[in-house]
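Read the structure below first, then the notes.
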Amino acid sequence: MQTTADTILPLRLNDVSYQVGRMRLIKDMNLTLEAGPRTAIVGPNGAGKSLLLRLCHGLLKPTAGTISWQVADSRDAGSAQAMVFQRPVMLRRSVAANVDYALKLRGMGRDERHERIDEMLGRAGLRRLAGQPARVLSFGEQQRLALARAWALRPQVLFMDEATASLDPAATHSVEEMIHAIHAEGTRIVLTTHDLGQARRLSDEVIFMHRGRMLEYAPTEKFFEAPENDLAQAFVKGELLWWKRRELDTEPRHQPRYRR
Amino acid sequence: MDITGRGTDLHDFASAFAAAADLITNLDSQLVEIVALSLRVSLSAVFAAAVIGLPLGAAVALFKFPGRTAVVVALNALMGLPPVVVGLIVYLMLSRAGPLGTLGLLFSPTAMVAAQVILVTPIVAALARQVIEDLWAEYEEQMRSLGAGPAQALPALLWDGRFSLVTAILAGFGRASAEVGAVMIVGGNIDHVTRVMTTAIALEVSKGDLALALGLGIILLTLSAAVNGAAFLLKETAQRRNA
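Protein chains in written order, with the working numbering: chain S, -6 to 253; chain B, 0 to 242.
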């Protein structure tokens, strides 16, 4: 378990932009993620949720601005994070070997790996499938395995990109149970979701994004009861946001502050 | 119209099968020797080409470096290397006056293996590059997230691409076992030393013993089909187990 001394949080985003060609996909993000709460990033398609997650995780480099963790060495920061993707990427080998590969990359010894794999597969309810090829598992089982693989690394921060987007309610439920357990053990959760019910169930705070900007950052309860931003209000009510585009683009730029 | 010619052809086919059956049933010692050498040369060449070509192809797929596109195009173009040209180049290298002449390898099975390695490596590498590149597209984010860059991911990708890479190796084997130009030039088709199936066939044709040549051809085809069939079955069963 990590001690507070070597924590990589908070994560600071300073005027972060991400641009592909002439398209600015993330615009002037300023954000600090402290240790502790679970964060849900919500917003319509193309809002930049997944991009934001990838920027935070270091899979993409910002084209402007800085992203920094508490630790100076980016490698230390990298090995204290994990990410689960919308489509589980399973190596073409057994369930146990999938977890084993991730642990081996972290330089863990054989005996310790063996123990950790058994523990994690048990917690994911996949122990009886340990010897099965990972790719014959159902989608829900694969996603649980992806979570178990990430969890096995004992990350301080776990990013999840629409981890339950293609799962049925039963599979979603068991993935959410795992997320609860992972958080209960002290891992910082940052997830994106389309499912507002899930954002309510799984988060303590919400970041609302629209067209590459963060328009609202608030505690979950507050966000759902009384969102300040008019687009966030419409989004929470389940309205479609596409017709608001022009208004937003002419709106003066503003950075919401986190309000308790 | 050359009716007699056609008649001869038909006759040749019939006697070819008879010759082939005869050679096989009697387990002709010379035939066994030729077949054994053919397999030894081609399998050694394919093995060496796989050892070089698979990591090479994977590296080209995974690493970004200046001139990468040129390397990819070159690899693809080299898949079509004419065997006689390769044979000639290896011949010049290994001939007494050549830079490697002191090794005394010309007209030896080793020289034939060397020539076939040059022929087969680009095929294995080019096909492996495509396989690994596709796999990397699927794996990249997850691998990077786990802390594996291209260099660390390379062995895992070769392993995960194993079923598709078998096909790349089979393509290489097909090339090696079928070519005649390179082994003819650097091996010299010396009886009991460097005579393989393809050069033996070429010799029998030039001698006019079409039946024996065809008989050998039938055996070569059968062998090639057997190797491919075995590899295919192996791949299919393993793939079914691993989905």
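Backbone N, C-alpha and C define an ideal beta-carbon position, used for all residues, glycine too.
- Distance from the CA atom of residue 110(B) to the CA atom of residue 104(B), rounded to whole angstroms, is 6 Å.
- Using a CB distance cut-off of 8 Å, residue 126(S) counts as an interface residue toward chain B.
- Beyond the five residues adjoining it in sequence on each side, residue 89(B) comes within less than 8 Å, by CB distance, of 110, 113, 114, 117, 181, 184 and 185 in the same chain, given in chain order.
- Against chain B, a Cβ distance below 7 Å from residue 203(S) picks out nothing, because the smallest value is about 24 Å.
- Contact of residue 145(B) with chain S by beta-carbon distance below 7 Å involves 95 and 98.
- Between residue 2(S) and residue 26(S) a beta carbon distance of about 7 Å is seen, short of the 8 Å cut, so the two are scored as contacting.
- For residue 133(S) and residue 153(S), the gap between their C-alpha atoms comes out near 15 Å.
- Every beta strand (DSSP E) of 3 residues or more that sits fully in the segment -5 to 70 of chain S is shown, in chain order, as 4 to 13, 16 to 26, 32 to 35 and 57 to 61.
- The beta carbon of residue 136(S) lies closer than 8 Å to those of 77, 81, 156, 157, 160, 164 and 168 in the same chain, with the five residues before and after it left out.
- In this structure, the CA atom of residue 51(S) is about 47 Å from the CA atom of residue 81(B).
- According to the DSSP assignment, residue 228(S) belongs to the alpha helix (DSSP H) that extends over 223 to 229.
- Excluding five sequence positions before and after residue 196(S), the CB atoms of its chain that fall closer than 7 Å to its own CB belong to 31, 32, 33 and 213, given in chain order.
- In the DSSP annotation of this structure, the continuous segment of the alpha helix (DSSP H) that includes residue 111(B) starts and ends at 108 to 145.
- Excluding its 5 nearest sequence neighbours in each direction, residue 127(B) has C-beta neighbours in its own chain below 7 Å: 52, 53, 56, 57, 164 and 167, listed in chain order.
- Distance check between residue 90(S) and each of 122(S), 63(S) and 62(S) places 122(S) closest, using alpha-carbon atoms only.
- Judged by beta-carbon spacing, residue 140(S) lies beyond the 8 Å limit of residue 88(S), meaning their Cβ atoms are not closer than that value.
- Between the alpha carbons of residue 222(B) and residue 115(S) lies a distance of about 49 Å.
- Distance between residue 92(B) and residue 98(B), taken at the CA atoms: about 6 Å.
- Closer than 8 Å at the C-beta level to chain S, one finds no residue of the segment 174 to 194 of chain B.
- Residue range 150 to 154 is occupied by the beta strand (DSSP E) that includes residue 151(S).
- Within its own chain, the residues whose Cβ lies closer than 8 Å to the Cβ of residue 202(S), once the five positions on either side in sequence are excluded, are 34, 35, 36, 40, 41, 42, 45 and 208, listed in chain order.
- In this structure, residue 183(S) keeps its C-beta atom at 8 Å or more from the C-beta atom of residue 73(S).
- At least 8 Å separates the beta-carbon of residue 15(B) from that of residue 207(B).
- When secondary structure is reduced to three states using DSSP, residue 191(B) falls in the coil class, being assigned neither helix nor strand.
- Residue 50(S) has a beta carbon lying within less than 8 Å of a beta carbon in chain B.
- For residue 129(S), there is no enclosing alpha helix (DSSP H), as DSSP gives it neither H nor E.
- Secondary structure at residue 209(S): strand, using DSSP grouped into helix, strand and coil.
- Under the criterion of beta carbons closer than 8 Å, residue 240(B) and residue 36(B) do not qualify as touching, at roughly 36 Å.
- Here residue 107(B) has 186, 192 and 193 as same chain residues with Cβ atoms under 8 Å from its own Cβ, once five neighbours each way along the sequence are excluded.
- Annotation: the continuous alpha helix (DSSP H) that includes residue 103(S) extends over 103 to 116.
- In the three-state reduction of the DSSP assignment, residue 28(B) falls in the helix class.
- Closest by C-alpha distance to residue 132(B), out of 62(B), 189(B) and 73(B), is 62(B).
- A distance below 6 Å between beta-carbons, with the five flanking residues on each side excluded, links residue 216(S) to the following residues of its chain, in chain order: 199.
- In this structure, residue 122(B) lies near residue 171(B), with their beta-carbon atoms less than 8 Å apart.
- Neighbours of residue 84(S) across chain B, judged by C-beta separation under 9 Å: 138, 141, 155, 158 and 159.
- Considering only 196(B), 189(B), 169(B) and 59(B), the residue with the shortest C-alpha distance to residue 228(B) is 169(B).
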